[in-house]
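Engineer: Chains F and V, in that order, give the protein sequences. Residues are numbered in our numbering as their position in the first sequence, beginning at 1, plus a constant of 2. Residues are numbered in our numbering as their position in the second sequence, beginning at 1, plus a constant of 2. Cβ atoms here follow ideal geometry from the backbone N, Cα and C, with glycine treated the same way. Please read through the structure below; I'll follow up with questions.
There are 2 protein chains.
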Amino acid sequence: MTTHSATLREEIEEMIAIGELKPGQHLDETELAARFGVSRTPVRETLIQLASMGLVVIRPRRGAIVAELGPQQLVEMFEVMSELEATCGRLAARRMTPVEQQALLAAHQACQDARDAQEPDVYYYKNELFHEAIYAGSHNQFLIEQTRNLYRRLRPYRRLQLRVRDRLSTSYHEHDGVVQAIVGGDGELAARLLREHVMIQGQRFSDLMASLPQLQRDAA
Amino acid sequence: MTTHSATLREEIEEMIAIGELKPGQHLDETELAARFGVSRTPVRETLIQLASMGLVVIRPRRGAIVAELGPQQLVEMFEVMSELEATCGRLAARRMTPVEQQALLAAHQACQDARDAQEPDVYYYKNELFHEAIYAGSHNQFLIEQTRNLYRRLRPYRRLQLRVRDRLSTSYHEHDGVVQAIVGGDGELAARLLREHVMIQGQRFSDLMASLPQLQRDAA
DNA sequence: GCTTTGTTTTGTGTATACAAGAATATCCGG
DNA sequence: CCGGATATTCTTGTATACACAAAACAAAGC
């Protein structure tokens with residue numbers, strides 16, 4: 003797209019994702035317009051889009067704020083996330099082509115390398131590719147899109163996840179089970195393992211909850 | 003909300019749902035503005051919202067059209083729909099309160115009455131309530147919201163579903179199994195039955211496909 | 001000192017004006 | 001009569017202007 007509101011959307015979305023704009027923070031249309039060198043109109047349209055995506059909340063006559071998700075909402079969203087990923091896995095086990103299986107194994111191998119090298123940042127990135135490989139195997143574009151959307155929506159909070167001791171190794175072993183289930187064609191098993199894998203990340207929400215008040219203080 | 007674009011959104015959404023605006027149809031901003039007695043600004047904001055929801059597609063500099071879903075996309079969306087409903091069922095089997103179970107049984111009974119009376123329209127409505135009762139049992143607001151969103155998005159096409167012979171009775175029997183699984187606390191069974199129940203509706207897409215070209219001709 | 005109410009101020013919602021790109025029609029040559 | 005280049009029109013994208021509601025603030029009353 004060549005339109006302003008489209009590029010703006012990506013930029014602001016990124017700012018929210020990396021925490022430059024914090025949950026609860028008020029988004030002043032005029033200020034954003036000035037910052038990006040455009041008028042209020044495209045800014046407004048951007049905010050409306052972000053609101054439809056759930057990243058910001060617009061209250062009539064009271065402006066837009068970055069959406070703040072309470073612990074309850076986060077738990078619910080992680081639960082849905084785990085179900086979506088599980089579904090991807092179940093379908094992937096049935097539908098993956100040999101080429102896609104190779105890609106999955108390669109992504110898995112890359113994770114192992116990152117784990118062995120003890121590089122959490124690399125692992126984080128390779129982990130994304132691993133999950134993307136599973137998504138692709140579902141052969142359901144709509145499902146993939148939905149899953150990615152939710153992932154992006156959870157990103158600002160995932161960022162807060164503390165680096166838990168041994169999480170890398172544990173995560174890798176969980177991946178291992180998933181890979182075997184998928185290449186073995188056992189959809190139900192793959193679904194169950196993936197559901198647990200994602201939920202474990204989600205269940206770190208106790209840590210998240212602990213850091214939430216602080217986050218909101220920062221925003222004020 | 004007291005804002006124009008919000009009320010407009012509901013109105014246009016409804017027009018799309020009931021087919022007054024047909025898939026592929028071009029949505030002229032000025033014309034809509036005149037029709038609803040407002041300026042182009044709120045109309046634009048409405049269209050952007052609908053685009054984010056996937057109900058319309060905006061191509062830069064070329065305006066908005068009501069989203070047309072091809073057979074492939076419909077299949078994919080029904081597949082995801084079935085998974086979401088299945089998830090609602092699995093959670094409901096574990097989480098429903100006695101009161102909610104009573105509500106589910108009541109909704110089921112209402113479906114039976116409608117079936118016995120051979121009233122497809124009533125059944126259609128009662129069926130919605132039945133599914134809503136399951137959603138509620140999941141105790142996951144986010145999941146419920148996602149499921150409803152997708153349901154609404156599929157509505158314009160569901161409307162096309164031919165009244166299949168004996169579909170009422172079959173549907174009712176499928177419901178029966180689901181109810182028993184849920185009150186019996188067997189989440190996996192409930193999930194499987196619901197998945198199949200929804201997919202059967204989706205697999206009527208061969209009928210849908212047949213009616214699609216006609217629908218698009220109407221829009222032209 | 002605290003609450004309360006009136007005023008100011010700020011910021012959103014809508015309308016209108018303007019600019020730019022796409023669709024369409026027109027005009028000319030072949 | 002037809003095809004292509006150009007001009008015109010039409011619609012969208014953006015900017016600006018205005019109106020109004022809500023929040024912030026100040027002053028007065030209790």
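Quick one: list the residues of chain V neighbouring F:Pro100, beta-carbon separation under 8 Å, in chain order.
Structural biologist: By Cβ distance, chain V contributes nothing, its closest Cβ being about 23 Å from F:Pro100, past 8 Å.
Engineer: Could you say if the segment 65–80 of chain F and the segment 68–85 of chain V meet the contact criterion of at least three C-beta pairs nearer than 8 Å?
Structural biologist: Taking a cut-off of 8 Å for Cβ pairs, the segment 65–80 of chain F and the segment 68–85 of chain V do not touch, as fewer than three such pairs fall below it.
Engineer: Can you tell me whether F:Arg64 is helix, strand or coil according to DSSP?
Structural biologist: coil
Engineer: For F:Val59, which beta-bridge partners are listed by DSSP?
Structural biologist: F:Ile67
Engineer: Verify whether the separation of the beta carbon atoms of V:Met98 and V:Gly139 is less than 7 Å.
Structural biologist: yes
Engineer: Would you call the CB atoms of V:Arg11 and V:Thr48 closer than 7 Å?
Structural biologist: yes
Engineer: What residues from chain V crowd round F:Ser54, counting only those whose CB sits closer than 7 Å?
Structural biologist: Correct list: Gln51, Ser54 and Met55.
Engineer: Check the Cβ-Cβ distances between F:Thr5 and every residue of chain V, and say whether any is below 7 Å.
Structural biologist: yes
Engineer: Do V:Ala109 and V:Leu131 have their beta-carbon atoms positioned less than 7 Å apart in this structure?
Structural biologist: Cβ atoms of V:Leu131 and V:Ala109: closer than 7 Å.
Engineer: Is there a Cβ of chain F sitting closer than 7 Å to that of V:Phe38, yes or no?
Structural biologist: no
Engineer: Using a Cβ-Cβ cut-off of less than 7 Å, list which residues of the segment 73–97 of chain V approach chain F; keep chain order.
Structural biologist: Within the segment 73–97 of chain V, Gln75, Glu78, Met79, Glu81, Val82, Glu85 and Thr89 place their CB atoms closer than 7 Å to a CB of chain F, listed in sequence order.
Engineer: May I ask you to report which of helix, strand or coil DSSP gives V:Leu49?
Structural biologist: helix
Engineer: Alpha carbon to alpha carbon, how far is F:Ser41 from V:Glu87? Give it in angstroms, no decimals.
Structural biologist: When rounded, the distance between both Cα atoms is 43 Å.
Engineer: So, is the C-beta of V:Ala222 closer than 7 Å to a C-beta in chain F?
Structural biologist: Because the pLDDT of V:Ala222 is 40, which lies under 50, any placement of that residue in the model is unreliable, and the number read from its coordinates should be weighed accordingly. So, not an interface residue.
Engineer: From F:Gln143 to V:Glu78, what distance separates their C-alpha atoms?
Structural biologist: 7 Å
Engineer: If you count every other CB in all the chains shown that lies within 10 Å of the CB of V:Ile20, and 16 or more means buried, which is it?
Structural biologist: exposed
Engineer: Look at the alpha carbon of F:Ile146 and the alpha carbon of V:Ala36, and state the distance between them as a whole number of angstroms.
Structural biologist: 39 Å
Engineer: Quick one: give me the first and last residue of the alpha helix (DSSP H) that V:Met79 is part of.
Structural biologist: From DSSP, the alpha helix (DSSP H) with V:Met79 extends over Pro73 to Arg97.
Engineer: Taking DSSP as the reference, what is the three-state secondary structure of V:Met23?
Structural biologist: According to the sequence shown, residue 23 of chain V is Leu rather than Met. Of the three classes helix, strand and coil, the one that applies to V:Leu23 here is coil, per DSSP.
Engineer: Check whether the Cβ of F:Leu145 lies closer than 7 Å to any Cβ atom in chain V.
Structural biologist: yes
Engineer: Grab the span of the alpha helix (DSSP H) containing V:Asp115 for me, first residue to last.
Structural biologist: Pro100 to Asp118
Engineer: Are the CB atoms of V:Pro62 and F:Thr4 within a distance shorter than 7 Å?
Structural biologist: For F:Thr4 and V:Pro62, yes; Cβs fall inside 7 Å.
Engineer: Below 8 Å CB to CB, which residues in the same chain sit around V:Arg150 once its five sequence neighbours on both sides are set aside?
Structural biologist: Tyr137
Engineer: Output, in sequence order along the chain, the residues in the segment 127–156 of chain V whose CB is closer than 7 Å to any CB in chain F.
Structural biologist: Asn142, Gln143, Phe144, Leu145 and Gln148
Engineer: Any beta carbon of chain V sitting closer than 7 Å to that of F:Pro25?
Structural biologist: no
Engineer: What do you get for F:Ala119, buried or exposed, if any count of 16 or more other CB atoms within 10 angstroms of its CB means buried?
Structural biologist: exposed
Engineer: So with CB distances below 8 Å, who are the chain V contacts of F:Glu47?
Structural biologist: Arg46, Glu47 and Ile50
Engineer: F:His141 by DSSP, collapsed to three states: which one?
Structural biologist: coil
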